[in-house]
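Everything on this sheet refers to the single structure shown next.
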Amino acid sequence: MHEIPAVNPLPLWELAHRYCEARAFHAASELDIFSKLDTERTSDEVANMIGLHHRPVRMLMDACVALGLLEKCGRKYRNTAVASEFLVKGKPFYSGNFVSLEAFSYQSWAKLPDAARENKPVARIMRDERHMKFFTHAMHSTSVFSATILAQAVDLSGHKRLLDIGGGSGVNAITVAEKYQNLRATVFDQGPVVEVAAEYIAKSLAAPRISTMAGDYLKGLPGGHDAALLSNILHGEGAEDNRALLKRVYDALEAPGMVIIADTLPNEERTGPVFPLLFALNELLYTEHGDTYTESDIKGFLAKAGFGRMNAISFEPAPLSVITALKGA
Ligand SMILES: C[S@@+](CC[C@H](N)C(=O)[O-])C[C@H]1O[C@@H](n2cnc3c(N)ncnc32)[C@H](O)[C@@H]1O
1 MHEIPAVNPL PLWELAHRYC EARAFHAASE LDIFSKLDTE RTSDEVANMI
51 GLHHRPVRML MDACVALGLL EKCGRKYRNT AVASEFLVKG KPFYSGNFVS
101 LEAFSYQSWA KLPDAARENK PVARIMRDER HMKFFTHAMH STSVFSATIL
151 AQAVDLSGHK RLLDIGGGSG VNAITVAEKY QNLRATVFDQ GPVVEVAAEY
201 IAKSLAAPRI STMAGDYLKG LPGGHDAALL SNILHGEGAE DNRALLKRVY
251 DALEAPGMVI IADTLPNEER TGPVFPLLFA LNELLYTEHG DTYTESDIKG
301 FLAKAGFGRM NAISFEPAPL SVITALKGA
């Protein structure tokens, strides 16, 4: 008989199993259980509302209690504060479309060993117009939160025109344009994506000051802007493409001008936090050269492009860091 090891294997077993937590959450969100639970209800009542068998709904709801998404009192369940704020359809910070994207991504994560063996993407999210639109709504549902933080953190009061490069749904441009009422903005992205952006822009009070432009940021950028935002863009490209992209941004910006980078950044030693380090693997799955970059990496790209006066800000509640840099100041 072997001696009992001094270390306990339980953390490993729990880690191997952790995808089950994510899948239970994905399923509960996909079945829209949280939208029914801002009011206390039994699992049978929820099952009847969504037209499913009682047994699986009770099982999913119990799992969600253990995961901190629901509270249970007697036979009644209700949303915890976080589920109520972010998982109920129709609320301003509804993140369910992002949860759907993660559920979709689960298929690609199953192929992670293949991506690691080949050092090649195993899937493409933006493979056609339908997926581009799905992805854009999903990004919107998470960026609507980080955009609010970004708009508070970066002072755009001295700027007249913002270029939102790879702007997706336009949520960042919309949020800052709503805050700075003299600011005009252009959302620059691929054709099917700017169609979605136009729908979100139309619902904003700042709509008359926001336009869209279809294009490829790897080929060229429009002029006439004194601020440029790259939110969740650098991680999708390799270091060489990022240096070239930021040089293109530098050349396109009017002086004095500001570039704002918003992204998820690992620490300098690449030992944490967990989110940006796992996100690097996400980029291995979906891109040829994408990665997550440290603050020093990004400052290096910016300096090479010609930018100066860099300033970095990190935010605890969201996995988001912001680096600003200036041209001609
Ligand atoms: C991760 S999303 C970020 C969207 C938005 N900036 C945000 O933070 O929510 C990346 C965006 O870059 C766009 N994109 C990727 N490659 C592009 C290219 N070569 N030219 C223009 N846009 C591109 C994608 O269509 C997508 O909308």
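Using the UniProt record's numbering, you'd call the opening residue of the sequence shown number 1 and step up by one each time. Note that beta-carbon positions come from the ideal geometry of N, C-alpha and C, so glycine has one too.
Which one or two residues does DSSP pair with residue i in a beta bridge?
i: residue 332; result: What the structure shows of the chain is the stretch from 1 to 329, and residue 332 is not part of that stretch, so it cannot be assessed.
i: residue 312; result: 323
Leaving out five residues before and five after residue i in sequence, what residues of the same chain have Cβ atoms less than 6 angstroms from its Cβ?
i: residue 277; result: 266
i: residue 140; result: 169 and 171
i: residue 57; result: 43, 46 and 47
i: residue 256; result: 328 and 329
i: residue 210; result: 173, 177, 185 and 201
i: residue 249; result: 228 and 259
i: residue 212; result: 187, 194, 197 and 198
i: residue 221; result: 248 and 252
i: residue 115; result: 122, 284 and 285
i: residue 49; result: 36
Is there at least one non-hydrogen atom of ligand 1 closer than 7 angstroms to the beta-carbon of residue i?
i: residue 191; result: no
i: residue 62; result: no
i: residue 43; result: no
i: residue 217; result: yes
i: residue 141; result: no
i: residue 29; result: no
i: residue 172; result: yes
i: residue 242; result: no
i: residue 136; result: yes
i: residue 231; result: yes
i: residue 168; result: yes
i: residue 306; result: no
i: residue 290; result: no
i: residue 236; result: yes
i: residue 126; result: yes
Where do the ends of the alpha helix (DSSP H) carrying residue i lie?
i: residue 259; result: First-last for residue 259: 253 to 263, but that is the beta strand (DSSP E), not the alpha helix (DSSP H).
i: residue 163; result: Taken as a continuous stretch (DSSP letters only), residue 163 belongs to no alpha helix (DSSP H), being part of the beta strand (DSSP E) at 161 to 165.
i: residue 149; result: 129 to 153
i: residue 303; result: 295 to 305
i: residue 266; result: Note, residue 266: premise wrong, no alpha helix (DSSP H); not H, not E.
i: residue 276; result: 274 to 286
Spatial neighbours of residue i within its chain, please: CB distance less than 8 angstroms, with the 5 preceding and 5 following residues excluded, ordered by chain position.
i: residue 89; result: 32, 35 and 96
i: residue 143; result: 168, 169, 171, 172, 231 and 232
i: residue 111; result: 122, 123 and 285
i: residue 272; result: 266
i: residue 180; result: 156, 157 and 159
i: residue 73; result: 40
By Cβ distance below 7 angstroms, which residues in the same chain neighbour residue i in space, the five residues on each side in sequence not counted?
i: residue 337; result: Since the first residue of the chain shown is 1 and the last is 329, residue 337 is not available in this structure.
i: residue 75; result: 42
i: residue 205; result: 178
i: residue 84; result: 38
Quiz item: Which ranges does the beta strand (DSSP E) cover as unbroken runs of at least 3 residues, wholly within the region 173 to 239, from first to last along the chain?
Solution: 184 to 189, 210 to 214 and 225 to 231
Exercise. Ignoring anything shorter than 4 residues or poking outside the UniProt domain "O-methyltransferase dimerisation" (13 to 88), list the alpha helix (DSSP H) runs there in chain order.
Key: 19 to 30, 43 to 50, 54 to 66 and 81 to 86
Self-check item: Any alpha helix (DSSP H) of 4 or more consecutive residues that is wholly inside the region 98 to 129
Solution: 112 to 118
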